[in-house]
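In my numbering, the protein residues as written are 197 to 405.
All C-beta atoms, glycine included, are put in the ideal place defined by N, C-alpha and C.
To start, the structure itself, in structure tokens.
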Ligand SMILES: [Zn+2]
């Protein structure tokens, strides 16, 4: 996915390796900002062929293409506050797998996620908030409860658990994703992005087999 590579990665593990390499370039101030010029943009007018679908939080500190050092046409990104999985998100992942043929589905949580923090507060206080915050409690409480099953843990650990729990939830919920993993054509990864050092830490990987 960079001018330096001769071929677009296609296997699930190759795609994940390429995205991790992009993140490392970003984190070390060596980003190549690939695939962002006019020629690349115009080459995509007839269609797209992204290598991965990424579900992430809308948080302005988590710009997916930038932190993976990717460009136009590389990643199919689905974002909302908290990266909550609802029918439109699940449908978008299914579309990416079935119609766009992505080789990887990545769920990305992040450091100091306000939505996860609100869910932690809701669970620990046993008080259901109103408005958007209620959605966070409804969608993220399973991750909080799973993380705290053996006692209190810090928010960082809950964010990691959230990535792992949500990735497996996607697997249970989207038949095309499970089939892709069984067939070896799609990989599934859960990871957490660290604001502090810019790195993505892997907490869950499923490449079938
Ligand atoms: Zn967030």
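In three-state terms, what does DSSP make of residue 332? helix
Residue environment, residue 258, which counts as buried when at least 16 other CB atoms sit within 10 Å: buried
Between 401, 278, 367, which lies nearest to residue 312 when the distance is taken from Cα to Cα? 278
Mind checking whether the beta-carbon of residue 290 lies closer than 6 Å to any heavy atom of ligand 1? no
Work out the CA separation of residue 387 and residue 304 for me, nearest whole Å. 5 Å
Let me have the residue list for ligand 1: C-beta closer than 6 Å to any non-hydrogen atom, ordered along the chain. 253, 255, 278, 306, 309, 310, 311
Inside the region 290 to 358 only - beta strand (DSSP E) runs reaching at least 3 residues: 300 to 306
On a Cα-Cα basis, can you pick out the residue from 342, 345, 319, 346 that is closest to residue 333? 319
Can you tell me whether residue 286 is helix, strand or coil according to DSSP? helix
Please list, in chain order, all residues of the same chain as residue 344 whose beta carbon is under 8 Å from its beta carbon, the five residues on each side excluded. 319, 354
Would you kindly report the start and end of the unbroken alpha helix (DSSP H) that includes residue 403? It is not in any alpha helix (DSSP H) - residue 403 carries neither H nor E in the DSSP assignment.
Using CA atoms only, rank isn't needed, just tell me which of 215, 238, 240 is closest to residue 228. 215
Range of the contiguous alpha helix (DSSP H) that encloses residue 222: 208 to 223
What would DSSP say about residue 240, mapped onto helix, strand or coil? coil
Note down the Cα distance separating residue 292 from residue 337, rounded to an integer number of angstroms. 27 Å
Residue 380 - partner residues in DSSP beta bridges: According to DSSP, residue 380 bridges with nothing at all.
Thinking C-beta only, is residue 248 closer than 7 Å to residue 211? yes
In chain order, what residues of the same chain have a beta carbon less than 8 Å from the beta carbon of residue 219, not counting five sequence neighbours either side? 263, 264, 265, 394, 395, 396
Applying the criterion that 16 or more other CB atoms from any shown protein chain within 10 Å of the CB defines a buried residue, is residue 375 buried or exposed? exposed
Do you know how far the Cα of residue 357 is from the Cα of residue 271? 24 Å
Assuming residue 437 and residue 372 form a contact by the criterion Cβ under 8 Å, report the distance between their Cβ atoms to the nearest whole angstrom. Because the chain in this structure spans residues 197 to 405, residue 437 falls outside the shown range and cannot be described.
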